[in-house]
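Before any comments, here is the structure.
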Amino acid sequence: MSGEDGTRTTSGERVRPLLVLPGDRLPDSGGKLPGLSTYGDNGILFSEVVGRPRDLDNRVSVLPGRGIYSPSRGEVVLGRITDVGPAVWSVHIFCPNPATMHIRDTPWSIELGRACDFLVPGDLIYGRLISVDDLGRGVIGLKGRGFGRLSGGHLLKVDPMLIPRLVGKDGATISLLKELTGLRVLLGQNGLVWVNGDLDRTMDLVNVISGIEGMGLYDEIQERITSLLTDGRDADVRG
Amino acid sequence: MVGMLMFGDERMGSDSKGRHDGRSNEKLRGITIKAGVQGSADGSAYIEWGKNKVMASAYGPRAPMTDEKYHDAKAKVNCTYTMAPFSVSERKRARRDRRSTEISKVLSEALQCSVRAERFPRSVIDVEVLVLDADAGTRCACLTAASVALADAGIPLYGLVSACSVGKAKGELIVDPDLEEDQKGEADMPVGVLSPSGEIVLFQMDGLMVKGEIEEALKMAYKACEEVLSLQRDSLVSRFGGQGLSVRRPAHRRYGEYRSYRMGSARVEPWKEDDTPVWDEDPEGVD
Chain V
506 MSGEDGTRTT
516 SGERVRPLLV
526 LPGDRLPDSG
536 GKLPGLSTYG
546 DNGILFSEVV
556 GRPRDLDNRV
566 SVLPGRGIYS
576 PSRGEVVLGR
586 ITDVGPAVWS
596 VHIFCPNPAT
606 MHIRDTPWSI
616 ELGRACDFLV
626 PGDLIYGRLI
636 SVDDLGRGVI
646 GLKGRGFGRL
656 SGGHLLKVDP
666 MLIPRLVGKD
676 GATISLLKEL
686 TGLRVLLGQN
696 GLVWVNGDLD
706 RTMDLVNVIS
716 GIEGMGLYDE
726 IQERITSLLT
736 DGRDADVRG
Chain D
9 MVGMLMFGDE
19 RMGSDSKGRH
29 DGRSNEKLRG
39 ITIKAGVQGS
49 ADGSAYIEWG
59 KNKVMASAYG
69 PRAPMTDEKY
79 HDAKAKVNCT
89 YTMAPFSVSE
99 RKRARRDRRS
109 TEISKVLSEA
119 LQCSVRAERF
129 PRSVIDVEVL
139 VLDADAGTRC
149 ACLTAASVAL
159 ADAGIPLYGL
169 VSACSVGKAK
179 GELIVDPDLE
189 EDQKGEADMP
199 VGVLSPSGEI
209 VLFQMDGLMV
219 KGEIEEALKM
229 AYKACEEVLS
239 LQRDSLVSRF
249 GGQGLSVRRP
259 AHRRYGEYRS
269 YRMGSARVEP
279 WKEDDTPVWD
289 EDPEGVD
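Chains as they are written, first to last, in my numbering: chain V, 506 to 744; chain D, 9 to 295.
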């Protein structure tokens with residue numbers, strides 16, 4: 506991790522990072538705009554979750570340690586079909602309100618009333634939220650490269666706030682995970698991880714993710730992943 | 009059994025000054041809070057407050073059931089207070105009673121004030137508090153633990169809610185009365201405070217106090233709530249950041265510095281000197 510996170514200085518010396526709790530006044534927030542997970546009161550910004558403060562483009566945000574998935578347009582999610590109608594599926598995406606998917610938002614040519622021939626309750630899909638209304642009810646589309654129905658594999662449920670940490674900077678962490686395990690891994694921003702491949706490697710990945718979930722906000726994930734996956738059997742994993 | 013013998017010696021009725029356990033009037037019982045103790049819940053906390061032991065779990069937000077009340081524009085907080093059958097000296101029947109219903113209601117309203125509910129329209133947040141061992145002051149312990157559980161679940165909050173009760177025994181105000189002081193005392197006043205605004209989200213009183221005593225008791229409650237808040241913060245820091253994290257002191261408004269009280273959804277201006285007192289005279293002579 507770099508010095509911007511407050512864990513290390515340029516000389517590599519360990520410093521005490523800042524963790525804000527709900528109701529804490531955010532440091533250096535005077536005259537700045539409230540970002541994610543913050544609220545303002547008379548020009549003063551406060552945190553509304555436990556997390557790390559982040560100042561970016563005159564806007565102060567807090568990166569939560571744990572959190573609730575709140576759908577936004579454009580996010581990539583994994584979901585499970587819960588109901589099917591003539592033209593619309595209901596999809597559970599692990600947020601308070603269910604999402605829907607219309608037959609016209611799929612890459613297939615489906616006649617009205619034949620939706621159940623393509624996806625049935627219990628099927629797992631990987632898609633993108635193309636719109637979200639004021640009540641947080643999303644509409645999913647499957648058009649796009651890599652999107653569609655998933656078959657086989659294992660589905661893991663993790664904290665949604667862990668997903669950005671699993672992705673890492675420019676996808677570095679997830680690339681490392683894929684390289685070390687040789688698995689096919691898909692991350693949904695709603696806190697679901699789909700894994701397909703060798704069962705032993707899958708169990709390794711489950712152990713790694715469980716270990717990461719228990720780590721502090723400022724611990725260094727990539728070092729931990731490497732040590733967990735290569736500990737004692739480096740040649741085996743990489744081979 | 010030792011506790012029962014102490015209970016029977018009628019110390020509270022004696023003329024001796026001081027509290028039976030040797031605490032000063034402003035001192036809290038020993039408090040231990042641990043966040044994130046239950047794997048199956050979205051957020052959880054365990055608190056030991058003197059002899060009280062309480063487990064709090066937070067779930068949600070979730071979509072409301074078909075027959076469940078909900079708000080269109082914001083989330084609704086449902087808190088359920090349950091006492092385990094073995095939590096009191098005489099086995100308690102495992103069913104909902106009037107007291108549990110009342111405490112569930114006041115805890116729900118207190119927590120509702122602390123949650124940024126407008127972030128989750130038309131949804132429900134569940135908080136379950138289970139009293140494993142009871143020794144007076146359970147609603148304060150439950151509110152304190154429930155607030156930590158909500159923060160542990162990552163639910164957006166205006167701030168943490170810390171609570172403490174102030175009682176009156178032998179004519180003196182005492183912070184955090186235990187079971188013996190609660191049963192033999194003259195009054196008990198649980199107070200819940202939301203940081204950083206210092207708004208009161210829980211205020212109840214059982215017994216009689218004069219106006220000046222209530223003012224003094226509120227000051228003592230605010231001071232005690234600051235101590236509880238500090239322990240809540242420590243539990244969350246050790247849960248999320250490991251050791252060695254620097255923590256900013258809360259911008260906690262002290263008693264007398266706040267502009268107004270907020271009890272439930274109603275906003276009440278603070279008392280002024282010329283306001284009608286609660287009691288015109290000492291309530292000793294009141295039937």
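All residues carry an ideal CB built from backbone N, CA and C; glycine is no exception.
Handout entry: Expected contact under 8 Å - CB spacing of L138/D and V45/D to nearest Å
Key = Taking the first residue of the second sequence as 1, we reach residue 138/D at position 130. Taking the first residue of the second sequence as 1, we reach residue 45/D at position 37. That belief does not hold up - the Cβ atoms of L138/D and V45/D are roughly 12 Å apart, past 8 Å.
Problem - Beta-carbon proximity check, Y574/V vs G676/V, cutoff 7 Å - result: Position 69 of the first sequence, counted from the first residue, corresponds to residue 574/V. Position 171 of the first sequence, counted from the first residue, corresponds to residue 676/V. No, the pair does not count as a contact, with Cβ atoms beyond the cut-off.
Practice task
Determine the direct distance from the alpha carbon of L526/V to that of Y230/D, and round the result to whole angstroms.
Solution key: Numbered from 1 along the second sequence, position 222 holds the residue referred to as residue 230/D. Numbered from 1 along the first sequence, position 21 holds the residue referred to as residue 526/V. Taking the straight line joining both Cα atoms gives about 20 Å.
Exercise for the section: Note the first and the last residue of the continuous beta strand (DSSP E) segment covering D190/D. Expected result: Numbered from 1 along the second sequence, position 182 holds the residue referred to as residue 190/D. No beta strand (DSSP E) holds D190/D; the alpha helix (DSSP H) holding it covers L187 to K192.
Exercise for the section: Answer with yes or no whether the minimum CB distance from N712/V to chain D is below 7 Å. Expected result: Indexing the first sequence from 1 puts residue 712/V at position 207. Nearest CB-CB separation between N712/V and chain D: not below the 7 Å threshold.
Handout entry: Bounding residues of the alpha helix (DSSP H) (the contiguous stretch that carries I679/V)
Key = Along the first sequence, one-based indexing puts residue 679/V at 174. In the DSSP assignment, I679/V falls within the unbroken alpha helix (DSSP H) covering A677 to T686.
Problem - Where Y230/D sits in the DSSP three-state scheme - result: By one-based count along the second sequence, residue 230/D stands at place 222. Helix, per DSSP.
Practice task
Verify the CB distance criterion: does E553/V have a CB-CB separation below 7 Å to chain D?
Solution key: Here residue 553/V refers to the residue found at position 48 of the first sequence. Yes, because at least one Cβ of chain D sits closer than 7 Å to the Cβ of E553/V.
Practice task
Please classify P669/V: does DSSP put it in a helix, a strand, or coil?
Solution key: By 1-based counting over the first sequence, the position of residue 669/V is 164. P669/V falls in the helix class under three-state DSSP.
Problem - Where D214/D falls: helix, strand or coil (DSSP) - result: Counting from 1 along the second sequence, the entry for residue 214/D is found at position 206. Reduced to three states, the DSSP call for D214/D is strand.
Handout entry: Buried versus exposed, by CB contacts within 10 Å (16 or more), T74/D
Key = Working through the second sequence from its first residue, we reach residue 74/D at position 66. The residue in question, T74/D, is exposed, as its Cβ has fewer than 16 Cβ neighbours within 10 Å.
Problem - Within-7 Å CB hit, P558/V to chain D - result: Within the first sequence, numbered from 1, the residue matching residue 558/V stands at position 53. It does not: the Cβ of P558/V has no partner Cβ on chain D nearer than 7 Å.
Problem - Candidates I222/D, S203/D, S205/D and P204/D, of which the one nearest Q212/D by Cα - result: Translated into positions along the second sequence, residue 212/D becomes position 204. That would be I222/D, whose Cα lies nearest to the Cα of Q212/D.
Problem - Of the listed residues P626/V, N701/V and D622/V, nearest to L660/V (C-alpha basis) - result: In the first sequence, counting from the first residue as 1, residue 660/V sits at position 155. The shortest C-alpha separation from L660/V is found at N701/V.
Practice task
May I have a chain-ordered list of the alpha helix (DSSP H) segments no shorter than 4 residues that lie completely inside the segment 79–152 of chain D?
Solution key: Whole alpha helix (DSSP H) segments, 4+ residues: 106–122.
Handout entry: Inter-residue Cα distance where the pair is L624/V and G47/D
Key = Numbered from its first residue, the first sequence carries residue 624/V at position 119. Numbered from its first residue, the second sequence carries residue 47/D at position 39. Cα-Cα distance, rounded: 33 Å.
Exercise for the section: Using 10 angstroms around the beta-carbon of R689/V, count the other beta-carbons present and answer buried if the total reaches 16, otherwise exposed. Expected result: As a working note, residue 689/V is residue 184 in the first sequence. The residue in question, R689/V, is exposed, as its Cβ has fewer than 16 Cβ neighbours within 10 Å.
Exercise for the section: Could you work out which residue in L671/V, T686/V, T735/V and I549/V is closest to G693/V when comparing CA atoms only? Expected result: As a position in the first sequence, residue 693/V is number 188, starting the count at 1. Answer by Cα proximity: L671/V.
Problem - Residue-level contact to chain V via CB, S203/D, 7 Å cutoff - result: If you number the second sequence from 1, residue 203/D lands on position 195. So, interface residue.
Practice task
Closer than 8 Å by C-beta to E728/V: which residues in its own chain qualify, once you throw out the five before and the five after it? Chain order, please.
Solution key: Translated into positions along the first sequence, residue 728/V becomes position 223. Nothing listed; no residue qualifies.
Handout entry: Candidates D242/D, G220/D, C172/D and A102/D, of which the one nearest V209/D by Cα
Key = As a first step, residue 209/D is located in the second sequence; it is residue number 201 there, counting from the start. Comparing alpha-carbon positions, the option among D242/D, G220/D, C172/D and A102/D lying closest to V209/D turns out to be C172/D.
Problem - Contact with chain V by R275/D, beta-carbon distance below 7 Å - result: Taking the second sequence and counting its residues from 1, the one referred to as residue 275/D is at position 267. Any reading at R275/D is ruled out, since the residue's pLDDT is 38, under 50, leaving its predicted position unreliable.
Exercise for the section: Return the chain-ordered list of same chain residues with a C-beta closer than 6 Å to the C-beta of A161/D, the five sequence neighbours on each side being excluded. Expected result: Residue 161/D sits at position 153 when you count from the first residue of the second sequence. Closer than 6 Å at Cβ, skipping near neighbours: D50, G51 and A66.
Practice task
Kindly indicate if chain D contains any beta-carbon less than 7 Å away from that of T573/V.
Solution key: Along the first sequence, read from residue 1 onward, the residue named residue 573/V stands at position 68. Thr is not the amino acid found at residue 573/V; the sequence shown has Ile there. So, interface residue.
Practice task
Compare the C-beta of N695/V with all C-beta atoms of chain D and state if any pair is closer than 7 Å.
Solution key: On the first sequence, residue 695/V is found 190 positions in, with the first residue counted as 1. No - not a single Cβ of chain D is within 7 Å of the one on N695/V.
Problem - Proximity test, Cβ basis, 7 Å: V245/D and chain V - result: Here residue 245/D is taken as the residue at index 237 of the second sequence, counted from 1. Yes, V245/D lies at the interface with chain V (some Cβ there is under 7 Å from its Cβ).
Exercise for the section: Give the DSSP-derived three-state secondary structure of I586/V in the structure shown. Expected result: Counted from its first residue, the first sequence places residue 586/V at position 81. DSSP places I586/V in strand when its eight states are reduced to three.
Practice task
Could you tell me if K674/V is buried or exposed, where buried requires 16 or more neighbouring beta carbons within 10 angstroms of its beta carbon?
Solution key: As a working mapping, residue 674/V is identified with position 169 in the first sequence. Classification of K674/V: exposed, given that the 10 Å Cβ count is below 16.
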